[in-house]
Amino acid sequence: MSDSSVPRLYKVLEPSASEERRLEKTIADLTKKHAATLQSAAQIFTIAKNCLQQLHSISEGNSVGEELGDIIEKFKMQLGKHHKILLTEGADKSELFSEAVMQEHKKKLIDAKNENNLENIIEVLLSLRVNALQVSPELRKNLVCELIRNDIFLISGKKSNSFALELLAISSHALKHALCALVSVIVSTPKGVEYIVENGTGILQRIIDVLKEQEDGSVTQRFCIAILQKMSVKEELIEFLVRNKMLDWIIKLLERSTTKEIHTFSLDFGSALLAGMLRSASTLEILEKDPVFTKSVTFPQSP
Numbered sequence: 024m025s026d027s028s029v030p031r032l033y034k035v036l037e038p039s040a041s042e043e044r045r046l047e048k049t050i051a052d053l054t055k056k057h058a059a060t061l062q063s064a065a066q067i068f069t070i071a072k073n074c075l076q077q078l079h080s081i082s083e084g085n086s087v088g089e090e091l092g093d094i095i096e097k098f099k100m101q102l103g104k105h106h107k108i109l110l111t112e113g114a115d116k117s118e119l120f121s122e123a124v125m126q127e128h129k130k131k132l133i134d135a136k137n138e139n140n141l142e143n144i145i146e147v148l149l150s151l152r153v154n155a156l157q158v159s160p161e162l163r164k165n166l167v168c169e170l171i172r173n174d175i176f177l178i179s180g181k182k183s184n185s186f187a188l189e190l191l192a193i194s195s196h197a198l199k200h201a202l203c204a205l206v207s208v209i210v211s212t213p214k215g216v217e218y219i220v221e222n223g224t225g226i227l228q229r230i231i232d233v234l235k236e237q238e239d240g241s242v243t244q245r246f247c248i249a250i251l252q253k254m255s256v257k258e259e260l261i262e263f264l265v266r267n268k269m270l271d272w273i274i275k276l277l278e279r280s281t282t283k284e285i286h287t288f289s290l291d292f293g294s295a296l297l298a299g300m301l302r303s304a305s306t307l308e309i310l311e312k313d314p315v316f317t318k319s320v321t322f323p324q325s326p
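Per this note's numbering, the very first residue in the sequence shown carries number 24; after that it's consecutive.
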């Protein structure tokens with residue numbers, strides 16, 4: 024359309040380049056907030072559905088591996104975080120995990136541990152986990168980097184695993200669940216794996232111990248298996264897993280699934296862990312040097 028054909032008043036009202044850029048930014052912000060609001064609404068629906076399923080299972084007398092109070096608190100925490108996003112009209116999720124928020128969580132965790140305040144320790148760990156779930160998958164790597172940079176378990180600052188190990192030593196199913204859930208987030212990236220084993224395999228050993236204490240199908244069992252599977256991408260750790268009898272433990276888990284119901288999550292991650300261990304050269308060397316062990320895992324005796 025030529026300038027001569029454009030109405031004179033249209034030329035007067037035509038937005039400037041700066042106004043167009045401002046409008047484009049406003050539209051982009053609104054689009055982002057709209058997407059975040061929709062995602063949070065969907066998450067609230069999913070959380071409510073999962074809550075109803077667990078409560079229904081409890082009403083039928085089935086064990087869910089957690090205390091009812093822990094279940095309620097977990098769902099309250101999850102709903103609260105998504106409710107916050109809705110109240111802020113879909114505020115950018117990265118703002119919910121700013122440097123200040125991360126440091127605040129770290130301080131609360133340290134203070135709660137020093138005060139032996141179990142309830143507050145669990146609350147902080149679950150809050151970190153829920154915030155992690157709110158971040159879109161493509162930004163999850165950045166979140167893990169922030170957890171590492173802020174040294175959430177004091178692994179780098181203390182040059183020790185003592186902080187995490189002392190938490191894992193506390194006799195509380197709810198705490199182990201919350202802690203393993205966060206560790207599972209951290210080890211979802213190679214840098215996260217490196218962080219957890221920065222001072223040796225002490226934390227990994229304790230995760231294995233916690234796993235062997237769990238009942239089949241428990242939420243903590245699922246997190247532990249997921250942690251081991253994610254950490255098995257580091258070749259040097261596979262030999263450690265095999266020497267801690269994880270190869271035969273996983274095989275027995277899969278065997279049990281033929282006679283009793285085992286959660287699909289455990290079977291999927293367990294199978295992936297088994298495949299990862301079996302493909303490793305270090306595993307093959309161990310199997311070659313120990314024929315008795317090899318026969319026990321390849322030709323297990325019938326119960």
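Ideal Cβ placement from N, Cα and C applies to all residues, glycine included. Everything numeric in this text was worked out from a predicted model, so none of it was measured.
Span of the alpha helix (DSSP H) around Glu-217:
Working through the sequence shown from its first residue, we reach residue 217 at position 194. That run of the alpha helix (DSSP H) goes 213-219.
Use the C-beta contact count for Arg-172: other C-beta atoms within 10 angstroms, 16 or more gives buried, fewer gives exposed.
By 1-based counting over the sequence shown, the position of residue 172 is 149. A residue is called buried when at least 16 other Cβ atoms come within 10 angstroms of its Cβ; Arg-172 does not meet this threshold and is exposed.
Which of the three DSSP states is assigned to Phe-263 in this structure?
Here residue 263 refers to the residue found at position 240 of the sequence shown. Helix.
Is the segment 236-243 close to the segment 257-269, with three or more CB pairs under 8 Å?
The segment 236-243 vs the segment 257-269: no contact.
Can you tell me which of the three DSSP states Ile-287 falls into?
For this step, residue 287 is matched to residue 264 along the sequence shown. The sequence given here has Thr at residue 287, not Ile. In the structure shown, Thr-287 sits in a helix (DSSP, three-state: H, G or I).
Helix, strand or coil for Ala-239? Go by DSSP, reduced to three states.
Indexing the sequence shown from 1 puts residue 239 at position 216. With the sequence shown as reference, residue 239 is identified as Asp, and Ala is not the correct amino acid for it. DSSP places Asp-239 in coil when its eight states are reduced to three.
Cβ separation of Leu-292 and Gln-252, assumed to be a contact under 8 Å, to the nearest whole Å
For the purposes of this step, residue 292 is taken as the residue at position 269 of the sequence shown. For the purposes of this step, residue 252 is taken as the residue at position 229 of the sequence shown. Note that residue 292 is Phe in the sequence shown here, rather than Leu. About 5 Å separates the two Cβ atoms, so the contact holds.
Buried or exposed, going by whether 16 or more other CB atoms sit within 10 Å of the CB of Lys-199?
Taking the first residue of the sequence shown as 1, we reach residue 199 at position 176. Burial call: buried.
Cutting at 7 Å between CB atoms, please list the residues of its own chain near Leu-177, excluding the five before and the five after it.
Reading the sequence shown from its first residue, position 154 is the one you call residue 177. Cβ within range, chain order: Phe-186.
Own chain, CB closer than 6 Å to Glu-122, minus 5 neighbours either side, in chain order
As a first step, residue 122 is located in the sequence shown; it is residue number 99 there, counting from the start. Cβ within range, chain order: n/a, list empty.
Who are the near neighbours of Ile-248 in its chain, counting only those whose CB is closer than 6 Å to its CB and skipping five residues on each side?
Here residue 248 corresponds to residue number 225 of the sequence shown, with the count starting at 1. Correct list, in chain order: Ser-289, Phe-292 and Gly-293.
Could you tell me the distance, in whole angstroms, from the CA atom of Ser-150 to the CA atom of Leu-301?
As a working note, residue 150 is residue 127 in the sequence shown. As a working note, residue 301 is residue 278 in the sequence shown. Their Cα atoms are separated by approximately 36 Å.
Is the beta carbon of Leu-190 less than 8 Å from the beta carbon of Leu-205?
For this step, residue 190 is matched to residue 167 along the sequence shown. For this step, residue 205 is matched to residue 182 along the sequence shown. No, they are not a contact pair.
Go ahead and pull the three-state DSSP assignment for Ser-68.
On the sequence shown, residue 68 is found 45 positions in, with the first residue counted as 1. Reading the sequence as shown, one finds Phe at residue 68 and not Ser. Collapsing the DSSP output to three states places Phe-68 in a helix.
Give the secondary structure of Ile-193 by DSSP, where H, G and I count as helix, E and B as strand, and everything else as coil.
Walking along the sequence shown from the start, residue 193 turns up at place 170. Coil, per DSSP.
Taking the C-alpha atoms as reference points, what is the distance between Ser-63 and Asn-154?
Residue 63 sits at position 40 when you count from the first residue of the sequence shown. Residue 154 sits at position 131 when you count from the first residue of the sequence shown. The alpha-carbon atoms of Ser-63 and Asn-154 are separated by roughly 12 Å.
Simplified DSSP state of Glu-142, which is helix, strand or coil:
Position 119 of the sequence shown, counted from the first residue, corresponds to residue 142. Three-state DSSP puts Glu-142 in a helix.
What does the Cβ neighbour count give for Ile-50, buried or exposed, with the cut at 16 atoms within 10 Å?
Position 27 of the sequence shown, counted from the first residue, corresponds to residue 50. Taking all protein chains in view, the Cβ of Ile-50 is surrounded by fewer than 16 other Cβ atoms within 10 Å, so the residue is classified as exposed.
Under DSSP, the alpha helix (DSSP H) around Asp-134 begins and ends at which residues?
One-based indexing of the sequence shown puts residue 134 at position 111. 122-137 is the span of the alpha helix (DSSP H), which, as asked, contains Asp-134.
Here's the rule I'm using: 16 or more other beta-carbon atoms within 10 Å means buried, otherwise exposed. How should Thr-54 be labelled?
Here residue 54 is taken as the residue at index 31 of the sequence shown, counted from 1. By the neighbour-count rule (16 or more Cβ atoms within 10 Å), Thr-54 is not buried but exposed.
Can you look up Asp-52 in the DSSP assignment and give me helix, strand or coil?
Mapped onto the sequence shown, residue 52 falls at position 29. Asp-52: helix per DSSP, three-state reduction.
Distance between Thr-69 and Leu-192 (C-alpha atoms, nearest Å)
Looking up residue 192 in the sequence shown gives position 169. Looking up residue 69 in the sequence shown gives position 46. One detail in the question is off: residue 192 reads as Ala in this sequence, not Leu. Distance between the alpha carbons of Ala-192 and Thr-69: 33 Å.
Helix or strand or just coil, what does DSSP make of Thr-306?
To locate residue 306, count along the sequence shown from 1; it is residue 283. It is helical.
Check whether the Cβ atoms of Arg-331 and Leu-188 lie closer than 8 Å to each other.
No answer is possible for residue 331: it lies beyond the span of the chain, which begins at 24 and ends at 326.
Determine the burial state of Asn-184: buried for a count of at least 16 other Cβ atoms within 10 Å of its Cβ, exposed for fewer.
By 1-based counting over the sequence shown, the position of residue 184 is 161. Classified as buried, Asn-184 has 16 or more neighbouring CB atoms from the shown chains inside 10 Å of its CB.
When the distance is taken between beta carbons, is Ile-219 closer than 8 Å to Glu-231?
For the purposes of this step, residue 231 is taken as the residue at position 208 of the sequence shown. For the purposes of this step, residue 219 is taken as the residue at position 196 of the sequence shown. Correcting the residue identity first, residue 231 is Ile in this sequence and not Glu. For the pair Ile-231 and Ile-219, the CB atoms are not nearer than the 8 Å cut-off.
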